Amino acid sequence: MTAAAVELTPRRRTWTSFRRNPLGMGSGVVLTLLALVAIFAPLIAPFPEGYGAETSQPPSGAHWFGTDDIGQDVFAQVVWGTRVSMAVGVSASVLAIVIGLLIGVSAAYFRRLDTPLGVLVDLSLSLPMLPLMILVAALAGPSVRTLAVVIALFSWPEVARVVRSQALSIVPMPFVSAAKVVGGSSLWIVRKHLLPGVIPVVGVSVVLTTSRAVLAEAGLSFLGLGDPNSWSWGTILHKAQQSGALASAWWTTLFPSLAILLLVLSTTLLSVAYNDARNHRSDT
Numbered sequence: 001m002t003a004a005a006v007e008l009t010p011r012r013r014t015w016t017s018f019r020r021n022p023l024g025m026g027s028g029v030v031l032t033l034l035a036l037v038a039i040f041a042p043l044i045a046p047f048p049e050g051y052g053a054e055t056s057q058p059p060s061g062a063h064w065f066g067t068d069d070i071g072q073d074v075f076a077q078v079v080w081g082t083r084v085s086m087a088v089g090v091s092a093s094v095l096a097i098v099i100g101l102l103i104g105v106s107a108a109y110f111r112r113l114d115t116p117l118g119v120l121v122d123l124s125l126s127l128p129m130l131p132l133m134i135l136v137a138a139l140a141g142p143s144v145r146t147l148a149v150v151i152a153l154f155s156w157p158e159v160a161r162v163v164r165s166q167a168l169s170i171v172p173m174p175f176v177s178a179a180k181v182v183g184g185s186s187l188w189i190v191r192k193h194l195l196p197g198v199i200p201v202v203g204v205s206v207v208l209t210t211s212r213a214v215l216a217e218a219g220l221s222f223l224g225l226g227d228p229n230s231w232s233w234g235t236i237l238h239k240a241q242q243s244g245a246l247a248s249a250w251w252t253t254l255f256p257s258l259a260i261l262l263l264v265l266s267t268t269l270l271s272v273a274y275n276d277a278r279n280h281r282s283d284t
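Counted the way the UniProt record's numbering counts, the sequence shown spans residues 1 to 284.
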């Protein structure tokens with residue numbers, strides 16, 4: 001294969017187009033840094049616990065993000081909150097993607113399942129998500145695992161709808177019909193033809209679902225439904241609200257809010273840049 005042929009492959013064209021988008025590349029760098037902060041949190045800051053002597057101190061050289069009402073370092077809280085928030089977001093996203101992928105592909109390939117699965121997806125999308133998430137999380141008890149599962153159970157319908165739409169365009173293709181003629185099993189056809197065809201769409205869904213999961217986790221934790229034994233960005237906001245620091249110590253809410261905004265904005269820009277690159281809109 002010549003170098004020119006390699007350059008024309010869809011994967012190479014997508015990467016070339018994506019690389020030319022500064023917002024997409026910058027968002028990828030930001031998300032990578034957040035992931036590194038989450039992984040190496042113990043090396044960056046000690047776990048925030050106990051009481052400190054310097055209470056409600058504004059940002060300074062000693063405490064970059066200030067301290068809260070019991071003297072804990074807000075920078076350490078945000079660092080450790082990055083680990084929990086991203087862990088919940090990624091775990092919930094992966095679980096939601098798996099469920100949505102299975103249901104979406106099944107509905108597209110097995111036509112008898114399309115109507116009942118479509119009704120299930122439409123019904124799930126019509127439900128009021130936040131009240132139900134609050135109810136389920138409250139009944140199941142506060143924990144990181146509970147939050148991830150609850151968020152995933154209310155996030156898969158959108159993934160299933162997108163995957164089904166993409167898979168429906170692949171099922172009528174000649175190579176799928178040829179695979180059926182030569183005796184290929186349904187599982188083999190789905191694995192060899194449908195899944196590779198919907199993976200690009202799933203890539204976008206992973207990023208967007210992760211950001212929504214982080215927002216959902218922050219909201220539930222802010223309402224007091226997070227794990228009280230761990231830190232997340234929503235937990236920091238909850239404890240600031242409980243202590244009355246929302247009005248008297250702006251730094252206790254500013255920095256975790258900025259972290260949430262940074263992650264959501266980066267994931268949104270990354271998904272837009274990737275989608276544009278995949279459709280080769282930026283090619284010159």
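A virtual CB, placed ideally from N, CA and C, is assigned to each residue, including glycine. These figures come from a predicted structure and were not determined experimentally.
Going along the chain, which residues of its own chain have a beta-carbon closer than 7 Å to the beta-carbon of Pro228, five neighbours each way excluded? Within the same chain, Pro228 has close Cβ partners Pro142.
Going straight from the alpha carbon of Thr2 to that of Pro172, what length do you get? Residue confidence is low: Thr2 scores 46 on pLDDT, short of 50, so the model does not pin down where it sits. Its coordinate-derived value is still stated next. Within the model, the alpha-carbon separation for Thr2 versus Pro172 is close to 32 Å.
Candidates Arg212, Ile170, Thr210 and Ile260: closest to Pro196 by CA position: Comparing Cα-Cα distances from Pro196 to each of Arg212, Ile170, Thr210 and Ile260, the minimum goes to Ile170.
According to DSSP, Asp73 sits in a beta bridge with which residue or residues? According to DSSP, which records beta bridges pairwise, Asp73 is partnered with Thr67.
Using the Cα positions of Phe18 and Pro256, report the straight-line distance between them to the nearest angstrom. A direct Cα-Cα distance of roughly 29 Å separates Phe18 from Pro256.
Compute the beta-carbon to beta-carbon distance between Leu117 and Ile134, rounded to the nearest angstrom, for a pair I have assumed lies under 8 Å. For Leu117 against Ile134, the beta-carbon gap comes to about 27 Å, at or over 8 Å, which does not count as contact.
Pick out whichever of Leu270, Asn275, Ser91 and Arg191 has its Cα sitting closest to the Cα of Val29. Checking every option, the nearest Cα to that of Val29 belongs to Leu270.
Is DSSP giving Met129 helix, strand or coil here? DSSP places Met129 in helix when its eight states are reduced to three.
Which residues bound the alpha helix (DSSP H) around His238? That run of the alpha helix (DSSP H) goes Trp233 to Ser243.
Reference Ile99, options Leu153, Pro42, Arg20 and Glu54, closest by Cα: Selected option, being the one with the closest Cα: Leu153.
Distance, Cα to Cα, Pro128 vs Ala62? Pro128 and Ala62: Cα-Cα distance of roughly 45 Å.
Looking only at its chain, what residues have a beta carbon closer than 7 Å to the beta carbon of Tyr274, apart from the 5 residues adjacent to it on each side? Taken in chain order, the residues that qualify are Phe18, Gly24, Gly203 and Val204.
Look at Ala213 and Ile260 and say whether their C-beta atoms are less than 7 Å apart. When the beta-carbon positions are compared, Ala213 and Ile260 stay at least 7 Å from each other.
Applying the 10 Å Cβ sphere with the 16-neighbour rule, what's the burial state of Pro121? The residue asked about is misnamed: residue 121 is Val in this sequence, not Pro. Residue environment analysis places Val121 among the buried positions, since at least 16 neighbouring C-beta atoms fall within 10 angstroms of its C-beta.
So, helix, strand or coil for Met1, using DSSP? At Met1, the pLDDT of 44 sits below 50, so the modelled position is not reliable and the matter cannot be decided from this model.
For the ligand SAH, I want to know if Gln241 counts as a neighbour, meaning its beta carbon is within less than 6 Å of at least one of the ligand's heavy atoms. The ligand SAH is not part of this structure, which contains no ligands at all.
When you compare only the Cα positions, how much space is there between Trp156 and Thr115? Their Cα atoms are separated by approximately 17 Å.
As assigned by DSSP and simplified to three states, the class of Leu33: Taken through DSSP and simplified to helix, strand or coil, Leu33 comes out as helix.
Where the alpha helix (DSSP H) containing Val181 begins and where it ends: Counting along the chain, the alpha helix (DSSP H) containing Val181 begins and ends at Pro174 to Val181.
Give the straight-line distance between the Cα atoms of Glu54 and Leu125, rounded to the nearest whole angstrom. Between the C-alpha atoms of Glu54 and Leu125 there is a straight-line separation of about 48 Å.
Cβ pair Phe65, Trp251 closer than 7 Å: Yes, Cβ-Cβ distance for Phe65 and Trp251 is below 7 Å.
Separation of Ser185 from Leu139, as counted between CA atoms: Going by the C-alpha atoms only, they are around 43 Å apart.
Please report the distance separating the alpha-carbon of Ala108 from that of Val190. Their backbone Cα atoms lie some 10 Å apart in a straight line.
Let me know if Ala4 comes out buried or exposed under the rule of 16 or more other beta-carbons within 10 Å of its beta-carbon. With a pLDDT of 45 at Ala4, under the threshold of 50, the predicted position of this residue should be treated as unreliable, though the coordinate-derived value follows. Residue burial annotation: Ala4 is exposed, with fewer than 16 other C-beta atoms found within 10 angstroms of its C-beta.
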